[in-house]
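Taking my numbering, the leading residue of the sequence shown gets 325, the next gets one more, and so forth.
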Amino acid sequence: MCYPVHISRLFFALLSLLPFCSIGQDVKQGLIVVHVDPMSKGEFKQKIYNYHFLNGHYTGRDEVIIVSGKKDGKDYIRTDIGNSTLYKDRYLITGIGNIIDLKEKKILFDGRANLVRCSNDSAIYYTNDAFKGKFYSVYNFKTNTYGEVKNLVFKAKAGQDVEFDKTASPFKLNLYPPNKPKIELVKDAGYGQSGTGSTTPDPAMWWIDNSNFVYANFNKENTEVTFYKVNVDSKSSTAIGKVAIKPETQAATIEKLNNKQTVMTLGAKQILIDLGANTVSDLVFTVPANGFSYECKTQGYGHAVKLNDKEVGKYHFRTKNFKTENNIAALVKEIVMGEESYQQGLGVWNNNKPGWEKVDAEDVLVLIGFIKE
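Structure, rendered in structure tokens:
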């Protein structure tokens with residue numbers, strides 16, 4: 325039977341609104357969860373599990389691998405530092421650059437480097453170290469080999485060689501052209517983020533293209549951060565906007581959303597820098613991911629969670645332990661009181677119900693994210 329075009333379109337539009345398992349196709353997803361072994365404080369053992377879900381319902385878990393976070397008193401494999409990346413539903417790349425093969429259940433790379441991006445069958449890193457120098461390196465997943473890039477003109481990310489000079493306050497921003505003297509771009513680049521320990525981290529920076537970047541300028545008291553757009557060619561600096569802040573123990577991170585927007589995370593704050601609108605916003609709710617968002621500021625009830633802008637619950641959880649994928653989300657229910665924390669398992673959104681399901685889990689260190697199975 326042949327239907328008019330407008331009727332067939334309506335039919336398929338209605339199908340898209342149905343729960344994902346109602347059309348007869350099972351959806352299998354895994355949630356990669358890292359547990360800490362409380363009995364191995366010196367070695368800091370991390371137990372990596374894959375929690376399995378069928379159509380949003382928990383069906384069991386498998387232990388993938390146990391890794392040591394400390395070796396000879398130094399950081400070794402650390403899943404809890406920075407933001408981890410899941411690549412091809414198989415490779416776990418930690419925030420410090422380690423690579424774990426979840427399928428073969430083994431460590432592929434135990435070195436430390438800053439991941440730039442994953443491309444085809446490679447992970448591309450950039451190192452800028454006072455002792456090692458500046459260079460790109462690549463881990464090849466096909467050959468399971470790691471090495472430095474010898475091609476001097478190789479460039480894996482936008483931008484030029486710009487660094488903060490932190491020898492005096494306020495900081496300066498300098499450009500280092502190849503084989504030329506350094507150029508001072510910004511005389512007053514702020515005082516950096518305080519409260520993070522003995523070493524002041526470099527303020528967050530986001531390259532828009534090869535000539536323009538945005539950076540965070542912290543005032544001396546760390547009560548305010550202003551975002552500036554800088555053009556390397558003209559050495560011009562333009563303020564986009566500012567927000568009120570307070571000192572935080574964790575260094576701020578910055579994540580690009582698209583060519584016009586990026587988000588800086590500073591403690592509980594989510595700060596949206598929108599170059600299209602030329603504005604800076606202190607967000608009340610996070611930018612939605614797979615339709616899910618949560619309230620940035622911790623309230624007496626924890627954080628409100630929304631799905632497609634509709635509230636679906638209020639829970640206590642650390643924001644780093646909130647992960648989403650299509651039709652599913654997970655969080656670690658946890659009440660933090662000073663130095664103590666009390667976990668109460670996982671809360672997992674089952675879109676087929678719809679509603680939250682409780683999954684027993686103990687000593688969760690960090691949720692890495694979902695993979696397709």
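Glycine included, every Cβ here is placed at the ideal spot set by N, Cα and C.
Since we're looking at a predicted model, the values are computed, not measured.
Unbroken beta strand (DSSP E) runs of no fewer than 3 residues, entirely contained in the stretch 445-498, are found at 446-453, 457-464, 469-472, 486-489, following chain order. In this structure THR648 is buried. Its beta-carbon is surrounded by 16 or more other beta-carbon atoms within 10 angstroms. Counting only the Cα atoms, GLY457 lies some 35 angstroms from VAL567. In summary, GLY421 is buried, with 16 or more beta-carbon neighbours lying within 10 Å of its beta-carbon over all protein chains present. For LEU410, the enclosing beta strand (DSSP E) covers residues 409-411.
GLU686 places its beta carbon less than 8 angstroms from that of GLN667. The three-state reading of DSSP puts THR643 in helix, counting H, G and I together. Closest in alpha carbon position to PHE495, among ASP512, ASP684, ASN543, GLU548, is ASP512.
Two segments are said to touch when three or more pairs of C-beta atoms, one from each, lie closer than 8 angstroms; by this definition the stretch 383-393 touches the stretch 356-374. Under the three-state reduction of DSSP output, TYR552 falls in the strand class. VAL690 and ASP399 do not touch by the CB rule: their CB atoms are close to 15 angstroms apart, not below 8 angstroms. One thing to note: ALA528 has its Cβ within 8 angstroms of the Cβ of THR577.
In this structure, the straight-line span from the alpha carbon of ASP413 to that of LYS644 is close to 20 angstroms.
Between GLY615 and LEU599, the C-beta spacing is not below 8 angstroms. By the 16-neighbour rule on beta-carbons within 10 angstroms, ARG402 is buried. In the assembly as shown, GLN349 is an exposed residue. Its beta-carbon has fewer than 16 other beta-carbons within 10 Å. Cβ atoms of ASN651 and GLY354 stay farther apart than 8 angstroms, at about 14 angstroms. A distance below 7 angstroms between beta-carbons, with the five flanking residues on each side excluded, links ASP526 to the following residues of its chain, in chain order: PHE488.
Note: GLY591 is not bridge-paired with any residue in the DSSP secondary-structure output.
Excluding five sequence positions before and after TYR460, the CB atoms of its chain that fall closer than 6 angstroms to its own CB belong to TYR450, VAL473, PHE478, ALA480, given in chain order. Contact check for VAL440 and GLN484: beta-carbon distance about 15 angstroms, past the 8 angstroms limit, so the pair fails to qualify. In this structure, DSSP gives GLU635 an extended state, which the three-state scheme calls strand.
Across the structure, TRP680 and LYS638 are spaced so that their CA atoms are roughly 11 angstroms apart.
Membership of PHE542 in the beta strand (DSSP E) is indicated by the continuous run 536-542. The C-beta of SER560 has fewer than 16 other C-beta atoms within 10 Å across all chains shown, which makes the residue exposed. About 11 angstroms separates the beta carbons of PHE641 and GLU619, which is beyond the 8 angstroms limit, so they are not a contact pair. In the three-state DSSP reduction, LEU689 falls in the strand class (E or B).
In this structure ASN503 is exposed. Its beta-carbon is surrounded by fewer than 16 other beta-carbon atoms within 10 angstroms.
Burial is judged here by how many other beta carbons sit within 10 angstroms of a residue's own beta carbon; THR523 has fewer than 16 and is exposed. ASN464 sits close to ASP445, with the two beta carbons spaced by under 8 angstroms.
The residue among ASP434, LEU416, ASP425 with its C-alpha nearest the C-alpha of GLY393 is ASP434. DSSP, read as helix, strand or coil, puts MET363 in coil. For GLY565, the enclosing beta strand (DSSP E) has its first and last residue at 560-568.
Annotation for THR550: ASN541, ALA563, LYS566 place their beta carbon closer than 7 angstroms to its own, counting only its chain and skipping 5 residues before and after. Ranked by Cα distance from GLY624, the first of ILE417, VAL660, THR589 is VAL660. Restricting attention to ASN438, PRO612, ASN676, the CA atom closest to the CA of PHE646 is found in PRO612.
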